[in-house]
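Colleague: Same order as they appear, the protein sequences are chains S and Z.
For the numbering used here, count along the first sequence from 1 and bump the result up by 132.
For the numbering used here, count along the second sequence from 1 and bump the result up by 57.
Ideal Cβ positions, reconstructed from N, Cα and C, are used throughout, including at glycine.
All values derive from a computational prediction rather than experimental measurement.
Below is one structure. I have some questions about it.
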Amino acid sequence: GEDVEQSLFLSVREGDSSVINCTYTDSSSTYLYWYKQEPGAGLQLLTYIFSNMDMKQDQRLTVLLNKKDKHLSLRIADTQTGDSAIYFCAEMLGSSNTGKLIFGQGTTLQVKP
Amino acid sequence: KAGVTQTPRYLIKTRGQQVTLSCSPISGHRSVSWYQQTPGQGLQFLFEYFSETQRNKGNFPGRFSGRQFSNSRSEMNVSTLELGDSALYLCASSLAPGPYEQYFGPGTRLTVT
């Protein structure tokens, strides 16, 4: 089935690391994405990872993928108040040549000064 | 390079009316997907277009329709509006269907009264 689950809320102190977790169900997923949404805005693509990779690092962002457990995480190092937003993970299914994304419900990240 | 643009940004309509939303993808991108975002249902896939053809459709009633033009610009139409159609409608563009980066526009906020 197509299902992506995320915890709904995470609160951290400025300067700490944030880890946002996501689980998905479809083993045929090809790409897994992380998007950021600020109030009143669209979705900003943060990073993505191929399903045949274990890790991807991009400046303050680290994505870890455990394909066996179908678990994806996004680590934000040195979290800043400007990182406060809703973070969505999404999977692209590999069963057909389509760009359809299945989104999680989003994790609200609150960064306290 | 300009990002994905969506017009209008805000719309207020009355029940029973119809509405047309427009999306211009990133230059060179030929695939356009549409999503509906509501607080209750989250982000849900509406449809995907490539080369003026609908490739995939989500689980929405026939009141929701779309099309794509030869320049890759896309429109979606909702007829006989219902209160539950109030949502943020997001458009995403990518080079082609399948495992490519998808970039979202700022969305059109539709309010049905």
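Can we say the stretch 214-223 of chain S touches the stretch 153-171 of chain S, given the rule of at least three CB pairs closer than 8 Å?
Modeller: yes
Colleague: Name, going along the chain, the residues of the stretch 118-134 of chain Z whose beta-carbon falls closer than 9 Å to a beta-carbon of chain S.
Modeller: none
Colleague: Listed in chain order, which residues of the stretch 172-185 of chain S have Cβ atoms closer than 7 Å to some Cβ of chain Z?
Modeller: In summary, the residues of the stretch 172-185 of chain S whose CB is separated from some CB of chain Z by less than 7 Å are Ala173, Gly174, Leu175, Leu177, Tyr180, in the order they occur in the chain.
Colleague: Starting from Thr110 of chain Z and walking both ways along the beta strand (DSSP E), at which residues does that stretch end?
Modeller: As a first step, residue 110 of chain Z is located in the second sequence; it is residue number 53 there, counting from the start. 110-114 is the extent of the beta strand (DSSP E) around Thr110 of chain Z.
Colleague: What does the alpha-carbon distance come out to for the pair Thr213 of chain S and Ser127 of chain Z?
Modeller: Here residue 213 of chain S is taken as the residue at index 81 of the first sequence, counted from 1. Here residue 127 of chain Z is taken as the residue at index 70 of the second sequence, counted from 1. Each residue's alpha carbon lies about 43 Å from the other.
Colleague: So Ile83 of chain Z is in the beta strand (DSSP E); what residue range does that whole segment cover?
Modeller: Along the second sequence, one-based indexing puts residue 83 of chain Z at 26. Neither: Ile83 of chain Z is in no beta strand (DSSP E) and is coded neither H nor E.
Colleague: First and last residue of the beta strand (DSSP E) that includes Tyr146 of chain Z?
Modeller: The residue you call residue 146 of chain Z lines up with position 89 of the second sequence. Here the beta strand (DSSP E) through Tyr146 of chain Z covers 144-151.
Colleague: Is Leu140 of chain Z helix, strand or coil when you go by DSSP?
Modeller: Here residue 140 of chain Z refers to the residue found at position 83 of the second sequence. Three-state result, Leu140 of chain Z: helix.
Colleague: With three or more beta-carbon pairs closer than 8 Å as the criterion, would you say the stretch 138-158 of chain S touches the stretch 197-204 of chain S?
Modeller: yes
Colleague: When you compare the stretch 85-103 of chain Z with the stretch 122-141 of chain Z, are there three or more beta-carbon pairs, one atom per stretch, that lie closer than 8 Å?
Modeller: A contact between stretches requires three or more CB pairs, one per stretch, nearer than 8 Å, and the stretch 85-103 of chain Z meets this requirement with the stretch 122-141 of chain Z.
Colleague: Can you give me the Cβ contacts of Ser81 of chain Z inside the same chain, cut-off strictly under 6 Å, excluding the 5 residues immediately before and after it?
Modeller: The residue you call residue 81 of chain Z lines up with position 24 of the second sequence. Same-chain partners within the cutoff: Thr62, Arg130.
Colleague: Within 9 Å (strictly less), CB to CB, does Val169 of chain Z reach chain S?
Modeller: As a working mapping, residue 169 of chain Z is identified with position 112 in the second sequence. Not closer than 9 Å to any Cβ of chain S, the Cβ of Val169 of chain Z fails to qualify, so no.
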